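S.K.: Okay, here's the structure, questions in a sec.
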Amino acid sequence: MRQKVLFTIPYALWILLFVIAPLVLIFYQSFFNIDGQATLGNYATYLTSRVYLKMTLNSVWYAFLITLVTLVISYPTAYVLNRLPNKQFWLLLVILPTWINLLLKTYAFIGLFSQTGTINQFLRFVGLGSHQLLFTDASFMFVAAYIEIPFMVLPIFNSLAEINPSLINASKDLGASQWQAFTKVVWPLSLPGVKAGIQAVFIPSLSLFMITRLIGGNRVITLGTAIEEHFLTTQNWGMGSTIGVILILAMFIVMFVTGEGRQKGGHRG
Amino acid sequence: MSNNIMEFRHVSQQFGDNVVLRDIDFEVEAGKFYTLLGPSGSGKTTILRLIAGFDQPTSGEIYFDGHQINDVPANRRQVNTVFQDYALFPHMNVAENVAFGLQIKGVKKSEIDQRVKEALHLVQLDGYGQREITAMSGGQRQRVAIARAIVNRPKLLLLDEALSALDHKLRVEMQTELRQLQRRLGITFIFVTHDQEEALAMSDQIMIINDGTIQQSGTPVDIYDEPLNHFVADFIGESNIVPGVMKADYLVTIDGQDFECVDAGMRPNERVEVVIRPEDLDITTVDQGKLTVTVDTQLFRGVDYQITAHDQRDHEWRINSIHKTTVGAKVGLAFDPEDIHVMRYNESEEDFDARLDSYEEDD
Amino acid sequence: MKKHHFTWGGLYLALVFVILYAPILYLMIFSFSAGKTMEKYHGFSFQHYVDLFADGRMITIVINTLIVALLASLIATIIGTMGALVIKDSRGTWRNSLLSLNNVLMVSPDVIIGASFLIFFTVLGIRLGFMSVLLSHIAFCIPIVVLMVLPKLNELSPTLVDAAYDLGASRWQALSRVVLPAIAPGIFAGYFMALTYSLDDFAVTFFVTGNGFSTLSVEIYSRARQGINLEINALSTLMFIVSLLLVIGYYFISKHSGRRNRIVAVKEGDAQ
Numbered sequence: 002m003r004q005k006v007l008f009t010i011p012y013a014l015w016i017l018l019f020v021i022a023p024l025v026l027i028f029y030q031s032f033f034n035i036d037g038q039a040t041l042g043n044y045a046t047y048l049t050s051r052v053y054l055k056m057t058l059n060s061v062w063y064a065f066l067i068t069l070v071t072l073v074i075s076y077p078t079a080y081v082l083n084r085l086p087n088k089q090f091w092l093l094l095v096i097l098p099t100w101i102n103l104l105l106k107t108y109a110f111i112g113l114f115s116q117t118g119t120i121n122q123f124l125r126f127v128g129l130g131s132h133q134l135l136f137t138d139a140s141f142m143f144v145a146a147y148i149e150i151p152f153m154v155l156p157i158f159n160s161l162a163e164i165n166p167s168l169i170n171a172s173k174d175l176g177a178s179q180w181q182a183f184t185k186v187v188w189p190l191s192l193p194g195v196k197a198g199i200q201a202v203f204i205p206s207l208s209l210f211m212i213t214r215l216i217g218g219n220r221v222i223t224l225g226t227a228i229e230e231h232f233l234t235t236q237n238w239g240m241g242s243t244i245g246v247i248l249i250l251a252m253f254i255v256m257f258v259t260g261e262g263r264q265k266g267g268h269r270g
Numbered sequence: 360m361s362n363n364i365m366e367f368r369h370v371s372q373q374f375g376d377n378v379v380l381r382d383i384d385f386e387v388e389a390g391k392f393y394t395l396l397g398p399s400g401s402g403k404t405t406i407l408r409l410i411a412g413f414d415q416p417t418s419g420e421i422y423f424d425g426h427q428i429n430d431v432p433a434n435r436r437q438v439n440t441v442f443q444d445y446a447l448f449p450h451m452n453v454a455e456n457v458a459f460g461l462q463i464k465g466v467k468k469s470e471i472d473q474r475v476k477e478a479l480h481l482v483q484l485d486g487y488g489q490r491e492i493t494a495m496s497g498g499q500r501q502r503v504a505i506a507r508a509i510v511n512r513p514k515l516l517l518l519d520e521a522l523s524a525l526d527h528k529l530r531v532e533m534q535t536e537l538r539q540l541q542r543r544l545g546i547t548f549i550f551v552t553h554d555q556e557e558a559l560a561m562s563d564q565i566m567i568i569n570d571g572t573i574q575q576s577g578t579p580v581d582i583y584d585e586p587l588n589h590f591v592a593d594f595i596g597e598s599n600i601v602p603g604v605m606k607a608d609y610l611v612t613i614d615g616q617d618f619e620c621v622d623a624g625m626r627p628n629e630r631v632e633v634v635i636r637p638e639d640l641d642i643t644t645v646d647q648g649k650l651t652v653t654v655d656t657q658l659f660r661g662v663d664y665q666i667t668a669h670d671q672r673d674h675e676w677r678i679n680s681i682h683k684t685t686v687g688a689k690v691g692l693a694f695d696p697e698d699i700h701v702m703r704y705n706e707s708e709e710d711f712d713a714r715l716d717s718y719e720e721d722d
Numbered sequence: 005m006k007k008h009h010f011t012w013g014g015l016y017l018a019l020v021f022v023i024l025y026a027p028i029l030y031l032m033i034f035s036f037s038a039g040k041t042m043e044k045y046h047g048f049s050f051q052h053y054v055d056l057f058a059d060g061r062m063i064t065i066v067i068n069t070l071i072v073a074l075l076a077s078l079i080a081t082i083i084g085t086m087g088a089l090v091i092k093d094s095r096g097t098w099r100n101s102l103l104s105l106n107n108v109l110m111v112s113p114d115v116i117i118g119a120s121f122l123i124f125f126t127v128l129g130i131r132l133g134f135m136s137v138l139l140s141h142i143a144f145c146i147p148i149v150v151l152m153v154l155p156k157l158n159e160l161s162p163t164l165v166d167a168a169y170d171l172g173a174s175r176w177q178a179l180s181r182v183v184l185p186a187i188a189p190g191i192f193a194g195y196f197m198a199l200t201y202s203l204d205d206f207a208v209t210f211f212v213t214g215n216g217f218s219t220l221s222v223e224i225y226s227r228a229r230q231g232i233n234l235e236i237n238a239l240s241t242l243m244f245i246v247s248l249l250l251v252i253g254y255y256f257i258s259k260h261s262g263r264r265n266r267i268v269a270v271k272e273g274d275a276q
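Heads up: the protein sequence lines correspond to chains A, B and C, in order. Residues in the first sequence are numbered from 2 upward in steps of one, following the numbering used here. Residues in the second sequence are numbered from 360 upward in steps of one, following the numbering used here. Residues in the third sequence are numbered from 5 upward in steps of one, following the numbering used here.
Below, the structure is given as structure tokens:
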């Protein structure tokens with residue numbers, strides 16, 4: 002019995018101090034204005050301001066696009082990977098880039114995309130002329146998708162790997178074509194992985210702020226950027242917390258829609 | 360009795376509203392091979408867990424070697440268990456697994472090595488000490504699990520469905536080996552199984568458990584020949600069970616037809632159940648048979664044919680016969696008075712024993 | 005991918021790998037360039053590595069980052085393993101609530117974690133700096149460890165602990181000699197994951213760090229906003245090599261321990 006209590010205390014303290022308390026605090030803080038007075042003003046501002054609503058829609062739209070692009074690239078990747086001999090090794094190669102600091106990868110893209118960078122040099126070389134790549138929506142989405150790909154490939158790969166190969170043989174035995182076997186057997190059975198992947202990508206995409214700043218050049222304002230700005234620049238913690246609460250709500254909606262998945266969510270800015 | 364190593368007195372076990380054991384009483388004599396036999400969910404594993412000390416009974420007393428041990432935790436009982444899934448420690452090799460209990464007790468290293476070697480020899484795994492558990496087959500793991508238990512020289516060894524994970528051939532081999540091992544070590548074995556053949560083959564004593572109570576206990580022969588009730592008759596071996604009326608001592612009526620039998624001690628005209636084992640029925644011509652039946656199916660099983668048939672009143676009869684018959688044919692069934700076993704409804708084990716004693720003394 | 009056997013799938017995969025690795029290789033190649041920008045390769049040089057090692061501030065920050073990561077993941081591994089044991093022992097709704105609470109920090113966006121921790125530390129009056137960063141890293145690493153350890157615990161046959169008691173082990177002996185060694189691969193993986201999460205974190209640290217204390221991610225962020233600096237490339241290359249070595253090490257260790265641990269799966273396999 003003593004052993005059990007001994008184990009429970011640190012973990013319970015963690016839940017209390019670092020899970021429950023911060024959530025309660027951010028909710029509490031959202032009812033205070035910049036001068037420290039209790040108010041519902043933050044929510045009123047949020048709900049009536051066209052700027053905030055547009056930013057929210059924008060943020061959701063970009064997150065949706067990033068998730069879609071990532072999914073479209075990742076599903077075939079996971080599918081092909083799964084059919085390779087030594088697939089665990091190739092999977093490791095897909096995951097390996099996630100061990101590189103995120104900032105470093107983003108930093109690489111600044112070099113690649115810059116006005117005089119390698120991509121533009123290549124474009125000039127093939128006669129397409131140089132283009133503004135950095136600080137565009139497209140580059141922002143590309144880099145975001147680049148960073149998220151492994152997190153989408155992994156759960157999809159796992160759910161594909163779990164599918165019993167005799168199920169596919171069975172469906173072919175029952176007359177299904179290759180394509181039918183895919184749409185009627187493989188795809189539905191890999192859906193849990195797809196959902197987990199969407200969950201792992203969509204939520205962080207809603208709150209990206211580092212990539213928006215470095216690659217998007219502040220053209221794209223997401224919920225994450227707004228929170229960062231309110232907390233660290235304008236010091237309006239109340240408004241920042243309000244947007245935080247909205248983001249938490251959005252998170253719950255996504256989790257509800259994609260069901261209970263327990264893949265790694267990702268700590269990326 | 361000083362020879363009893365283990366005793367249950369009015370033991371009941373309840374998990375929430377779920378009553379698992381009802382007022383269990385039994386004694387275990389030292390040095391014998393006991394089997395707890397029952398269908399899954401009957402409570403047999405619960406009894407084992409109470410003996411091992413993994414659970415405490417809701418009420419009643421458990422005695423071990425004359426001492427009440429209700430509150431003695433599992434790690435301080437002189438009982439060891441062979442688990443159904445073997446529960447071998449995956450991060451240790453064979454010798455480390457076997458040595459575990461001795462190390463915990465702080466036995467000297469040289470003695471541990473010696474005893475581990477002996478234990479592995481007993482289960483015919485000489486030289487396997489340094490193998491990883493993953494490198495062992497199912498049957499070998501079974502032996503490691505046994506060695507790990509007996510190396511501690513327990514007074515009582517519990518085996519929880521210990522053979523059920525093995526394939527049929529290996530299981531039969533292990534039955535013989537376990538029996539030999541038990542004789543050689545002289546340790547009391549309590550073996551839990553749902554397999555009646557296994558129970559009959561290995562045990563000195565069988566306890567049949569169903570629905571949280573002991574239905575009948577006795578030697579394999581006693582239980583097979585004289586099942587106490589419908590459940591036991593049905594569970595042990597194959598049986599034909601038909602309703603009948605006890606006209607007088609040694610005379611039973613089935614569907615109006617009188618048969619001589621060897622049972623007695625019931626009230627006149629008491630309603631009873633009659634058991635005849637399929638292998639005790641012989642197929643013969645209609646006029647030589649005591650019963651006339653029509654053959655429905657016939658399956659060849661290697662040693663014999665399993666035949667099902669029905670009589671005029673649509674009672675189904677199962678017959679195991681070494682002779683072939685014809686599906687659809689009308690045949691006679693012959694049997695002797697000793698082949699008939701009569702069971703009373705709701706008779707307790709004590710009453711049953713008393714009644715048997717009363718008329719067997721007369722003979 | 006065998007060269008003699010062309011498939012569209014293989015080609016696609018090759019393309020994905022090119023995209024995944026191009027930026028990393030790009031960084032590495034330019035770290036050896038004699039020039040000062042990532043525009044044109046100016047010939048081989050170790051100059052940026054020399055600069056990097058002469059940059060006292062950068063070295064301090066790398067050490068800070070490592071200290072925070074090693075310490076945070078160690079403490080998180082201890083608390084997280086305890087947490088997994090607690091969850092494993094719990095039942096029903098209680099267990100589900102614990103799991104949900106455990107996963108809150110896994111699914112929360114970094115900005116939320118960062119912002120709410122910032123409020124939390126401010127309310128408690130904890131000075132922003134090493135301590136607040138360390139506490140935050142421990143906090144977001146704990147659920148990762150729990151999620152890596154819990155499946156290993158669930159794989160363990162419940163009879164394994166019974167067997168230990170049966171053979172005379174006390175509760176503590178059953179834990180230290182049977183349970184912990186048997187779930188060691190999970191604990192190890194948890195520590196490793198925690199380490200990478202901590203090393204990789206930018207957003208949470210960005211929120212809760214104070215003036216005097218910086219980690220690598222935060223430093224690169226501020227330097228990158230000022231423009232290209234090939235010292236960072238040199239650093240990336242070194243970090244990539246270290247990561248690669250870690251991953252290879254991890255791969256071999258998990259392969260080795262996997263061999264011993266596979267019995268849990270095999271055991272169920274032969275129960276037919």
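C-beta atoms are modelled at their ideal positions from N, C-alpha and C, and glycine is treated no differently. Remember, predicted model here, so these are calculated numbers, not experimental data.
How would you label residue 660/B, buried or exposed, when you count the other beta carbons within 10 angstroms and need 16 or more for buried?
M.R.: exposed
S.K.: State yes or no: is the C-beta of residue 113/A within less than 8 Å of the C-beta of residue 225/C?
M.R.: no
S.K.: Which value, in whole angstroms, describes the spacing of the CA atoms of residue 78/A and residue 16/C?
M.R.: 7 Å
S.K.: Name, going along the chain, the residues of the region 437 to 450 of chain B whose beta-carbon falls closer than 8 Å to a beta-carbon of chain C.
M.R.: 438, 439, 440, 442, 443, 444, 445, 446, 447, 448, 449 and 450
S.K.: Do we get a CB-CB distance below 8 Å when we pair residue 389/B with the residues of chain C?
M.R.: no
S.K.: Just curious, the beta strand (DSSP E) that residue 726/B is in, first and last residue?
M.R.: Because chain B is modelled from 360 through 722, residue 726/B falls outside the range shown and cannot be assessed.
S.K.: Hey, out of 130/A, 258/A, 199/A and 60/A, whose CA is closest to residue 154/A's CA?
M.R.: 199/A
S.K.: Measuring alpha carbon to alpha carbon, tell me which of 76/C, 137/C, 105/C and 143/C ends up nearest residue 214/C.
M.R.: 137/C
S.K.: In the region 137 to 149 of chain A, which residues sit with their C-beta less than 8 Å from some C-beta in chain C, listed in chain order?
M.R.: Within the region 137 to 149 of chain A, the qualifying residues are 147.
S.K.: With H, G and I counted as helix, E and B as strand and the rest as coil, what does DSSP make of residue 382/B?
M.R.: Residue state for residue 382/B is assigned as strand, using DSSP reduced to three classes.
S.K.: Which bits of chain C does residue 210/A rub up against, with CB to CB less than 8 Å?
M.R.: 115 and 207
S.K.: Ends of the beta strand (DSSP E) at residue 676/B?
M.R.: 675 to 680
S.K.: Once DSSP output is grouped into helix, strand and coil, what is the label at residue 602/B?
M.R.: strand
S.K.: Less than 8 Å separating the beta-carbons of residue 149/A and residue 67/A?
M.R.: Going by beta carbons, residue 149/A and residue 67/A fall inside the 8 Å limit.
S.K.: Within 10 angstroms of the Cβ of residue 58/C, are there 16 or more other Cβ atoms? Answer buried if so, exposed if not.
M.R.: Counting Cβ neighbours within 10 Å, residue 58/C comes out exposed, since fewer than 16 surround it.
S.K.: What are the boundary residues of the alpha helix (DSSP H) that residue 187/C is part of?
M.R.: Looking at the DSSP string, the run of the alpha helix (DSSP H) that includes residue 187/C is 184 to 204.
S.K.: With DSSP as the reference, identify every bridge partner of residue 612/B, one or two as the case may be.
M.R.: 604/B and 617/B
S.K.: Going along chain C in order, which residues have a C-beta closer than 7 Å to the C-beta of residue 463/B?
M.R.: 171, 172, 173 and 177
S.K.: Do residue 242/A and residue 35/A have their C-beta atoms closer together than 8 Å?
M.R.: no
S.K.: Looking at the structure shown, is residue 528/B part of a helix, part of a strand, or coil, going by DSSP?
M.R.: helix
S.K.: Can you tell me where the alpha helix (DSSP H) holding residue 45/C begins and where it ends?
M.R.: That residue, residue 45/C, is in no alpha helix (DSSP H); it is neither H nor E in DSSP.
S.K.: Pull up the CB-CB distance for residue 663/B and residue 681/B, whole angstroms please, since I reckon it's below 8 Å.
M.R.: 5 Å
S.K.: Whole angstroms is fine: what's the gap from residue 654/B's alpha carbon to residue 398/B's?
M.R.: 31 Å
S.K.: Measure from the C-beta of residue 242/A to each C-beta in chain C and report whether the shortest distance is under 8 Å.
M.R.: For residue 242/A, the closest Cβ of chain C is nearer than 8 Å.
S.K.: Between the beta-carbon of residue 551/B and the beta-carbon of residue 403/B, is there less than 8 Å?
M.R.: Contact flag set, yes.
S.K.: What first and last residue would you give for the beta strand (DSSP E) that runs through residue 564/B?
M.R.: 564 to 569
S.K.: For residue 43/C, which residues in chain A fall below 9 Å Cβ to Cβ?
M.R.: 112, 115, 117, 118, 119 and 122
S.K.: Quick one: grab the DSSP three-state call for residue 362/B.
M.R.: coil
S.K.: So residue 36/C contacts chain A; which residues on that side make the cut at Cβ distance below 9 Å?
M.R.: Contacts between residue 36/C and chain A, judged by CB atoms closer than 9 Å, are missing: the closest CB pair is about 14 Å apart.
S.K.: Is the Cβ of residue 256/A closer than 8 Å to any Cβ of chain C?
M.R.: yes
S.K.: Count the other CB atoms within 10 Å of the CB of residue 218/C; is the residue buried (16 or more) or exposed (fewer)?
M.R.: buried
S.K.: Provide the residue span of the beta strand (DSSP E) that contains residue 655/B, from first to last.
M.R.: Taken as a continuous stretch (DSSP letters only), the beta strand (DSSP E) holding residue 655/B covers 650 to 659.
S.K.: Quick one: what's got a C-beta closer than 7 Å to residue 216/C's C-beta in the same chain, skipping five residues either side?
M.R.: 133
S.K.: Using the C-alpha atoms, what's the distance from residue 636/B back to residue 600/B?
M.R.: 9 Å
S.K.: If you follow the beta strand (DSSP E) that residue 418/B is part of, which residue opens it and which one closes it?
M.R.: 418 to 423
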